[in-house]
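So the protein lines, in turn, are chains B and F.
Quick note on this note's numbering: the first sequence kicks off at 35 and runs consecutively.
Quick note on this note's numbering: the second sequence kicks off at 505 and runs consecutively.
Down below is the structure, laid out as structure tokens.
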Amino acid sequence: EPEVTQTPSHQVTQMGQEVILRCVPISNHLYFYWYRQILGQKVEFLVSFYNNEISEKSEIFDDQFSVERPDGSNFTLKIRSTKLEDSAMYFCASSVRDSEDTEAFFGQGTRLTVV
Amino acid sequence: RKEVEQDPGPFNVPEGATVAFNCTYSNSASQSFFWYRQDCRKEPKLLMSVYSSGNEDGRFTAQLNRASQYISLLIRDSKLSDSATYLCVVIRFSGTYKYIFGTGTRLKVLA
Chain B
35 EPEVTQTPSH
45 QVTQMGQEVI
55 LRCVPISNHL
65 YFYWYRQILG
75 QKVEFLVSFY
85 NNEISEKSEI
95 FDDQFSVERP
105 DGSNFTLKIR
115 STKLEDSAMY
125 FCASSVRDSE
135 DTEAFFGQGT
145 RLTVV
Chain F
505 RKEVEQDPGP
515 FNVPEGATVA
525 FNCTYSNSAS
535 QSFFWYRQDC
545 RKEPKLLMSV
555 YSSGNEDGRF
565 TAQLNRASQY
575 ISLLIRDSKL
585 SDSATYLCVV
595 IRFSGTYKYI
605 FGTGTRLKVL
615 A
């Protein structure tokens, strides 16, 4: 069964450092998303991406965040200067189309720990 | 008011019990609804979609009440393997279709 894969599974970084979280969406999917989940809290939308540009972003997704699809397979989330409060599980998701009844498939997540 | 609200639980039930979760949403423009399951420190996985007419998948039944803006999930004959957090997800269109997650309801099925 096709799946969304994320690397690394766990990343520890020092405050102020840049991190890049990587995702390989399902190959025929066109819409890509990043969500995050702070430990013990709900899953929160960060950004959606289609046709090589951001479709929508939340207020969490400030200037410290950026996304990129550098080639035909990878979808990355970059945090330029990490803060302690960026520590969370980051989930990448993809869907074949953007419609109300389309399932988004989630990757297994990258646990980011900022120390 | 939160856009999607769930009782966080935990719900501790014995094996074989029937358990029901509710979820309320505040935005009447919400388009679609799902229940996802999340195991500890894992990704959310789709459990079932929720339709106005109600739908059933084995031991699981989902219902939607648009007038009262709530969604329910009923689990019959609960198994130990049903222990997880159940996430209510509301799809809202605001340029793109966005998943809005509830905080989740934690279920623990006891032997």
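The beta carbon of each residue, even a glycine, is placed where N, CA and C say it ideally should be.
What you are looking at is a predicted structure, and each value in this text was computed from that prediction instead of being measured.
Nearest to Asn-516/F by C-alpha distance, out of Ser-598/F, Phe-597/F, Ala-588/F, is Ala-588/F. Check the Cα spacing between Glu-78/B and each of Ile-595/F, Ala-524/F, Ile-579/F, Arg-570/F: the tightest is with Ile-595/F. Put simply, the segment 94-114 of chain B does not touch the segment 512-527 of chain F. Fewer than three CB pairs are less than 8 angstroms apart. Taken in chain order, the complete beta strand (DSSP E) segments of 3 or more residues contained in the segment 92-143 of chain B are 99-102, 109-113, 122-129. In this structure the segment 40-51 of chain B does not lie against the segment 564-581 of chain F, because fewer than three pairs of beta carbons, one per stretch, are closer than 8 angstroms. The alpha-carbon of Thr-47/B is positioned some 8 angstroms away from that of Thr-116/B. For Asn-62/B, DSSP assigns no beta-bridge partner whatsoever. For Glu-78/B, the enclosing beta strand (DSSP E) starts and ends at 77-84.
If you draw a straight line from the Cα of Ser-556/F to the Cα of Leu-146/B, it is about 39 angstroms long.
Only those residues of the segment 130-141 of chain B whose C-beta falls short of 7 angstroms from the nearest C-beta of chain F are listed: Asp-132, Ser-133, Glu-134, Asp-135, Glu-137, Ala-138, Phe-140, Gly-141.
When Ser-585/F, Glu-560/F, Thr-565/F are compared, the shortest CA-CA separation from Leu-578/F is found for Thr-565/F.
At a beta-carbon threshold of 9 angstroms, the residues of chain B lying near Phe-605/F are Tyr-69, Gln-71, Lys-76, Val-77, Glu-78, Phe-79, ordered along the chain. As DSSP reads the structure, Cys-544/F sits in no beta bridge.
In the displayed model, Asp-586/F falls within a helix according to three-state DSSP. Here the C-alpha atom of Phe-537/F lies approximately 6 angstroms from the C-alpha atom of Val-593/F. Val-149/B sits in coil when the DSSP states are folded into three classes, being neither helix nor strand. Around the beta-carbon of Gly-562/F, fewer than 16 other beta-carbon atoms lie within 10 Å, marking it exposed. Ser-530/F is outside the set of residues whose beta carbon lies under 8 angstroms from a beta carbon in chain B.
Selection Pro-512/F, Leu-591/F, Phe-597/F, Ser-585/F evaluated against Val-554/F yields Leu-591/F as nearest (Cα-Cα). Check the Cα spacing between Gln-51/B and each of Leu-118/B, Asp-132/B, Ala-138/B: the tightest is with Leu-118/B.
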